[in-house]
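Working notes, structure below.
Numbering (the numbering used here), first residue to last: 17 to 411.
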């Protein structure tokens with residue numbers, strides 16, 4: 017249950033944010049359409065009290081009112097349908113996480129269900145990680161192979177992000193600005209500067225094209241009218257009017273560099289994560305790092321021939337991934353036999369072969385019984401007599 021609480025926050029948070037957005041959009045739609053109907057009814061009432069009453073005008077106003085009512089009904093139904101779809105998505109994810117909680121109860125049926133649930137969870141984590149890394153086609157193919165993942169992952173919102181990223185890669189800002197307009201209130205709450213930087217880049221592109229008067233008009237219309245503008249960046253942008261487009265003077269050279277489009281894409285991605293309260297790292301990366309850190313010991317970085325073949329951290333490329341992670345905090349060590357996987361203790365004494373390899377007494381004696389008193393080291397393939405093995409005492 018603890019891992020559900022710590023890792024599954026985005027699983028529920030994102031669809032909830034989508035539901036909240038659709039609810040607010042539906043509310044605005046209803047308010048707007050109701051206002052239109054009320055205005056039409058008001059016009060109809062005024063016409064009824066005029067003398068003489070013009071029948072043709074009244075019929076026309078009634079027809080217009082009926083049309084507006086039908087429009088309102090259609091838009092309300094669309095808004096309710098969108099909200100129900102988002103709510104059903106939230107419900108499906110809650111039910112999916114409930115299966116994970118039920119699987120903890122040790123019964124035969126729940127164990128099978130829990131195994132399938134864990135497999136689905138790993139696939140979910142992989143899809144989310146691929147989407148974050150920009151491998152959209154691979155993620156979509158995984159979803160096509162398992163349609164259940166479409167309801168349990170945030171594929172839709174990442175595809176929206178991909179469209180914006182593609183337009184930024186083509187040095188176009190329209191899609192990004194449209195996205196900002198749709199989420200303006202929430203972006204203001206997180207103090208996003210993405211809109212300013214997009215407008216600043218448009219200004220820079222006008223300078224690059226030597227359209228300086230257009231750049232001045234653009235700055236007056238967008239840059240100077242924004243709230244909470246980064247003053248120093250604004251000053252640098254306006255000062256760019258005085259420099260040629262091939263200037264080598266900093267910071268103007270950097271402002272004219274094409275790599276700024278890459279920086280804009282990264283800033284958009286970070287704002288996108290913050291908007292939906294997504295962590296900087298994917299859940300897969302967090303789970304993997306936690307697992308590697310829990311198993312990492314100084315022994316994992318000994319020479320390759322001295323590492324444990326059963327330890328994931330000892331294997332490449334996980335060994336390199338865990339290099340900067342902290343070691344496991346182990347207040348009490350337990351020695352495990354590499355052959356049998358059983359603990360080495362007073363009931364299974366550690367025995368050292370002449371080549372220095374240590375295994376459990378039980379495993380060595382079982383091997384010797386079927387090999388005329390001889391044992392084979394599984395690591396080096398050397399053969400020794402069981403009588404040559406010596407007891408090891410751990411202090």
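The beta carbon of each residue, even a glycine, is placed where N, CA and C say it ideally should be.
Given the structure is predicted, the values throughout are model-derived calculations rather than measurements.
Contact check for residue 351 and residue 360: beta-carbon distance about 4 Å, within the 8 Å limit, so the pair qualifies. Here the segment 31 to 40 makes contact with the segment 102 to 117; the two share three or more CB pairs at distances below 8 Å.
Taking C-alpha positions only, residue 309 is separated from residue 244 by approximately 42 Å.
Excluding five sequence positions before and after residue 370, the CB atoms of its chain that fall closer than 7 Å to its own CB belong to 400 and 404, given in chain order. Residue 371 sits in coil when the DSSP states are folded into three classes, being neither helix nor strand.
For residue 400, the enclosing beta strand (DSSP E) starts and ends at 399 to 401.
The segment 161 to 244 is shown to contain whole alpha helix (DSSP H) runs of 4 or more residues at 164 to 168, 171 to 185, 190 to 198, 200 to 205, 210 to 224 and 228 to 234, in chain order.
With contacts defined by Cβ atoms closer than 8 Å, residue 210 and residue 196 form a contacting pair. Below 8 Å, enough C-beta pairs join the segment 369 to 383 and the segment 340 to 356 to call them touching: three or more. Residue environment analysis places residue 223 among the buried positions, since at least 16 neighbouring C-beta atoms fall within 10 angstroms of its C-beta. Secondary structure note for residue 385: it is in no beta strand (DSSP E), and the uninterrupted alpha helix (DSSP H) holding it is 377 to 385.
Bounds of the beta strand (DSSP E) holding residue 390 are 390 to 392. At a Cβ-Cβ threshold of 8 Å, residue 285 and residue 177 count as neighbours. Following the DSSP letters along the chain, one finds residue 59 inside the alpha helix (DSSP H) bounded by residues 25 to 64. With contacts defined by Cβ atoms closer than 8 Å, residue 391 and residue 383 form a contacting pair. Relative to residue 111, the option among 138, 164 and 81 whose CA is nearest is 164. Residue environment analysis places residue 406 among the exposed positions, since fewer than 16 neighbouring C-beta atoms fall within 10 angstroms of its C-beta.
Setting aside the 5 residues that flank it on each side, residue 293 is surrounded in the same chain by 29, each with a C-beta closer than 6 Å to its C-beta; the list follows chain order.
Cβ neighbours of residue 158 within its own chain (closer than 6 Å, five residues either side excluded): 143. The residues 374, 406 and 408, in chain order, have a CB closer than 6 Å to that of residue 368 in the same chain once the five nearest residues on each side in sequence are set aside. Distances from the CA of residue 267 to each of 250, 240 and 184 were compared; the closest alpha carbon is that of 250. Looking from the CA of residue 53, the closest CA among 39, 38, 89 and 27 belongs to 89. When rounded, the separation of the alpha-carbon atoms in residue 203 and residue 331 is 43 Å. 193 is the residue among 218, 236, 41 and 193 whose C-alpha sits nearest the C-alpha of residue 208.
Non-local beta-carbon contacts of residue 232 in its own chain, meaning distances under 8 Å to residues more than five positions away in sequence, involve 257 in chain order. By the neighbour-count criterion, in which 16 or more other beta carbons inside 10 Å mark a residue as buried, residue 49 falls on the buried side.
Secondary structure note for residue 301: its alpha helix (DSSP H) is the uninterrupted segment 299 to 311.
Between residue 366 and residue 280, the alpha-carbon positions lie close to 60 Å from each other.
Around residue 300, the same chain offers 141 and 145 as residues with beta carbons nearer than 6 Å, after the five sequence neighbours per side are excluded.
Closest in C-alpha terms to residue 82, from the list 45, 55, 345 and 101, comes 55.
Assigned with DSSP and collapsed to three states, residue 366 falls in strand. Closest by C-alpha distance to residue 173, out of 339, 411, 27 and 396, is 27. For the pair residue 234 and residue 218, the CB atoms are nearer than the 8 Å cut-off. With 16 or more other Cβ atoms from the protein chains shown falling within 10 Å of its own Cβ, residue 298 counts as buried.
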